[in-house]
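A quick write-up on the structure given underneath.
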Amino acid sequence: MTTTMQRRPAAVQPAPARPAARRRRWLPWLYLAPALGLLITFTYVPVGNMVFYSFHSWDGLDVTMDPVGLDNYVRVFTDERYWRVFLISLYYFVASFAQIAIALYFAVILSFNTRFRNLFKGILFFPYLLNGVAVGFVFLYLFQPDGTLDTVLRWIGLGDQTRYWLGDPDIANISLAGTSVWRFTGLSFVLFLGAIQSIPGEIYEAAEIDGASRWDQVWHIIVPGIRRIISLSFILAISGSLSVFEIPFIMTGGANGTRTFVVQAYETAFQFRQIGLASAMAVVLLLIVLLVTWIQRRLVPDEEVSLS
Amino acid sequence: MKSAAKYASLIVASIVVLLPLTVVFFAAFKTRSEYSTTGPLTPPRNWFNFDNFVTAFTEGRMLLGFWNTTVILAISLTGTILVGTLAAYAVSRFDFPFKRLVLGLFLVAALVPGVTTQVATYQIVKSMGLVNTPGSAIVLFLGTDIISIYIFIQFMQSIPPSLDQAAMIDGATRFTVYRRIILPLMKPAIATVAIIKGIAIYNEFYIPFLYLRSPDLSVISTALFRFKGPYGAQWETIAACTMIVILPTVVIFLLLQRFIYNGITAGATK
Numbered sequence: 000m001t002t003t004m005q006r007r008p009a010a011v012q013p014a015p016a017r018p019a020a021r022r023r024r025w026l027p028w029l030y031l032a033p034a035l036g037l038l039i040t041f042t043y044v045p046v047g048n049m050v051f052y053s054f055h056s057w058d059g060l061d062v063t064m065d066p067v068g069l070d071n072y073v074r075v076f077t078d079e080r081y082w083r084v085f086l087i088s089l090y091y092f093v094a095s096f097a098q099i100a101i102a103l104y105f106a107v108i109l110s111f112n113t114r115f116r117n118l119f120k121g122i123l124f125f126p127y128l129l130n131g132v133a134v135g136f137v138f139l140y141l142f143q144p145d146g147t148l149d150t151v152l153r154w155i156g157l158g159d160q161t162r163y164w165l166g167d168p169d170i171a172n173i174s175l176a177g178t179s180v181w182r183f184t185g186l187s188f189v190l191f192l193g194a195i196q197s198i199p200g201e202i203y204e205a206a207e208i209d210g211a212s213r214w215d216q217v218w219h220i221i222v223p224g225i226r227r228i229i230s231l232s233f234i235l236a237i238s239g240s241l242s243v244f245e246i247p248f249i250m251t252g253g254a255n256g257t258r259t260f261v262v263q264a265y266e267t268a269f270q271f272r273q274i275g276l277a278s279a280m281a282v283v284l285l286l287i288v289l290l291v292t293w294i295q296r297r298l299v300p301d302e303e304v305s306l307s
Numbered sequence: 000m001k002s003a004a005k006y007a008s009l010i011v012a013s014i015v016v017l018l019p020l021t022v023v024f025f026a027a028f029k030t031r032s033e034y035s036t037t038g039p040l041t042p043p044r045n046w047f048n049f050d051n052f053v054t055a056f057t058e059g060r061m062l063l064g065f066w067n068t069t070v071i072l073a074i075s076l077t078g079t080i081l082v083g084t085l086a087a088y089a090v091s092r093f094d095f096p097f098k099r100l101v102l103g104l105f106l107v108a109a110l111v112p113g114v115t116t117q118v119a120t121y122q123i124v125k126s127m128g129l130v131n132t133p134g135s136a137i138v139l140f141l142g143t144d145i146i147s148i149y150i151f152i153q154f155m156q157s158i159p160p161s162l163d164q165a166a167m168i169d170g171a172t173r174f175t176v177y178r179r180i181i182l183p184l185m186k187p188a189i190a191t192v193a194i195i196k197g198i199a200i201y202n203e204f205y206i207p208f209l210y211l212r213s214p215d216l217s218v219i220s221t222a223l224f225r226f227k228g229p230y231g232a233q234w235e236t237i238a239a240c241t242m243i244v245i246l247p248t249v250v251i252f253l254l255l256q257r258f259i260y261n262g263i264t265a266g267a268t269k
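Line by line, the protein sequences are chains A and B. Take the first sequence: its letters are residues 0 to 307, numbered as in numbering that gives the first Met the number 0. Take the second sequence: its letters are residues 0 to 269, numbered as in numbering that gives the first Met the number 0.
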């Protein structure tokens, strides 16, 4: 790679310098090769294979795969076990609205003068950094019968509200979605906080001189000012709620009606060795995520193109 | 009045965050009989009862878990930084055909959630013979990282190209420019990537769970998860193990707070 790099544009390169020019054309690819190779091997080839597998019946070991046409897809959409997992995503999706609202509220109040601001910031953000398995255990402990939650409820006089937080199918998904809110609010909060800080301070001062209340400032300055990050949060919320895995897998193992899309796909592929069927599920999930992202890009176009 | 409501909400939120962690912390110091007779909110009688931690360390082979995590973390981070900065260098300093296509490939890949493709990725990793070797986790952590390439590209665009042009006039090769000028100037971006990627790898569960099945290859997450079966009812041991896993995160967070906030903001918005 020790080419002599003349800083002359290729067009005016004289004829004898041909080999150097050819090497120069290769040079950027040499730098890109590792990244591009990994990207293709571990993202694009799997996506391609996945689509191929989804039209076959395969156990992942056999040398031959039986083509089955659309059978796998038909099963994903007609067998309750498979389409039910979409409904479970709705719990997490609805919960993410709570997450965004809570995060936005605290980001706004901690953007202005507040005592112990950094302490509160740290506390609110911290759960996001925790190991998912640890979070799963912490909440498994919290939700136990006669565990922390029940004790606290009794203590504040709501003792009759105790129930089997993870054992009762009517409530288990709400408990798990609540755990997910606990875990990820800190991320939304920090993203909002960063965005709010990038709004120039003079705007608030001008608004205050014009007699705008704090509430007016929130609605007319902050929310429009961080529109992009709010819409990004919704994208993350949708693709996040479709790909929930750790919390239900660790806490209930998918029991009591808490099986999410990825838990079901994992079991189908790696326990029941139905690679074709699991691939069809994954293709459906991928299409949903891409569709949602596309719709979002349409609704809130990126005004600043920051790449290239 | 209004400010009272504000502080009240902050205090309630802090309790909601800290209480679930505090009770596990309490449980980690309780003896077996103490655990079964006291409520979760009761602090342990003896704060120096480290028996559960000892059990967690020996039975759960936590040291092995930490060691495996460290090895995978170090190699993956170094690799990510090299692969990412080289690619960013190519994209921001060269003009070449299909550049927009390459950028598009990276962009679209960022939209594909890693968990969805694992069924097919597993077959590829298996065909490479990497299943049940640390190599599987390492190549996957390297290969699934689009965000850090973005951070590097963004940052590199703020380094004036006149700097490398001046060096090249003085006879430096492209590679010398990368190594002597670009890499040192990229330090803030490298720190950002190291922090957010480091946290992500330390906390990752799905990939090690799927690819590092052998108990000798346990990382922190899978070592902790193994307690679920045989120790299902021994909450005091599980609690100690959970605290062992959380502790390094607390320390890192207290030391690097500012960088972590900035890193997450830089990493997530693009």
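Just so you know, even glycine gets a beta-carbon here, dropped at the ideal spot from N, CA and C.
message = Is it the case that the segment 129 to 145 of chain A contacts the segment 23 to 40 of chain B, given that we only count it when at least three CB pairs across the two stretches are under 8 Å?
response = yes
message = Pull the bridge partners of residue 55 of chain A from the DSSP assignment, please.
response = A/66
task = Work out the CA separation of residue 144 of chain B and residue 253 of chain A for me, nearest whole Å.
result = 29 Å
request  = Classify residue 310 of chain A as buried or exposed, calling it buried when 16 or more other Cβ atoms lie within 10 Å of its own Cβ.
outcome  = Residue 310 of chain A lies beyond the stretch modelled for chain A, which goes from 0 to 307, so this question has no answer here.
query = What three-state label does DSSP hand residue 48 of chain B in the structure shown?
reply = coil
request  = Kindly give me the distance between the Cβ atoms of residue 34 of chain A and residue 86 of chain B, rounded to whole angstroms, as I take these residues to be in contact under 8 Å.
outcome  = 4 Å
query = In whole angstroms, what is the alpha-carbon distance linking residue 159 of chain B and residue 184 of chain B?
reply = 11 Å
query = Among B/57, B/170 and B/114, which residue has its Cα nearest to the Cα of residue 203 of chain B?
reply = B/114
task = Return helix, strand or coil for residue 253 of chain A, following the three-state DSSP convention.
result = coil
task = Starting from the N-terminal side, write out each stretch of the alpha helix (DSSP H) that is 4 residues or longer and does not extend beyond the segment 118 to 150 of chain B.
result = 133 to 142
query = Beta-carbon separation of residue 83 of chain B and residue 176 of chain B under 8 Å?
reply = no
task = Could you please tell me which residues of the segment 106 to 119 of chain B, in chain order, have their CB closer than 9 Å to any CB of chain A?
result = 106, 107, 108, 110, 111, 112, 113, 114, 115, 116, 117, 118 and 119
message = Quick check on residue 202 of chain B - is its C-beta less than 8 Å from some C-beta in chain A?
response = yes
task = Output the distance between the C-alpha atoms of residue 79 of chain B and residue 44 of chain B, rounded to the nearest integer angstrom.
result = 47 Å
query = How would you label residue 163 of chain B, buried or exposed, when you count the other beta carbons within 10 angstroms and need 16 or more for buried?
reply = buried
request  = Provide the residue span of the alpha helix (DSSP H) that contains residue 60 of chain B, from first to last.
outcome  = Residue 60 of chain B -> no alpha helix (DSSP H), and no H or E assigned at all.
query = Measuring CA to CA, which of B/136, B/147, B/8 and B/251 is closest to residue 211 of chain B?
reply = B/136
ask   = Shorter than 8 Å from the beta carbon of residue 220 of chain B to some beta carbon of chain A?
value = yes
Range covered by the alpha helix (DSSP H) that runs through residue 39 of chain A = First-last for residue 39 of chain A: undefined, no H or E at that position.
ask   = Within 8 Å (strictly less), CB to CB, does residue 49 of chain A reach chain B?
value = yes
key: First through last residue of the alpha helix (DSSP H) which encompasses residue 39 of chain B   = Neither: residue 39 of chain B is in no alpha helix (DSSP H) and is coded neither H nor E.
ask   = Is DSSP giving residue 5 of chain A helix, strand or coil here?
value = Legend: pLDDT at residue 5 of chain A = 43, less than 50; position of this residue unreliable, value from coordinates given subsequently. Here residue 5 of chain A sits in coil by DSSP.
task = Quick one: using the 10 Å Cβ neighbour count with 16 as the cut-off for buried, is residue 75 of chain B buried or exposed?
result = buried
key: Any chain A beta carbon closer than 8 Å to residue 187 of chain B   = no
ask   = Does any residue of chain A bring its CB to less than 8 Å from the CB of residue 205 of chain B?
value = yes
inquiry  = Between the alpha carbons of residue 111 of chain B and residue 28 of chain B, how many angstroms are there, rounded?
reply    = 43 Å
Cα-Cα separation between residue 7 of chain B and residue 161 of chain A, rounded to whole angstroms = 25 Å
Neighbouring residues, chain B, relative to residue 150 of chain A (Cβ below 8 Å) = 38, 39 and 40
key: Reduced DSSP category for residue 159 of chain B - H, G, I as helix; E, B as strand; rest coil   = coil
key: Closer than 8 Å to chain A by CB, residue 258 of chain B   = no
query = Anyone know if the C-beta pair for residue 247 of chain A and residue 116 of chain B falls short of 8 Å?
reply = no
query = For residue 271 of chain B, which of A/120, A/71 and A/93 has the nearest alpha-carbon?
reply = Since the first and last residues shown for chain B are 0 and 269, residue 271 of chain B lies out of range.
query = Taking the alpha-carbon positions, what's the residue 223 of chain B to residue 262 of chain A distance?
reply = 19 Å
ask   = Between the segment 122 to 134 of chain A and the segment 233 to 240 of chain A, are three or more C-beta pairs nearer than 8 Å?
value = no
ask   = Curious, which full-length beta strand (DSSP E) runs of at least 3 residues does the segment 183 to 223 of chain B contain?
value = none
ask   = Straight-line CA distance for residue 15 of chain A to residue 265 of chain B?
value = Model confidence at residue 15 of chain A stands at a pLDDT of 49, short of 50, so the residue's coordinates are unreliable and nothing is read from them.
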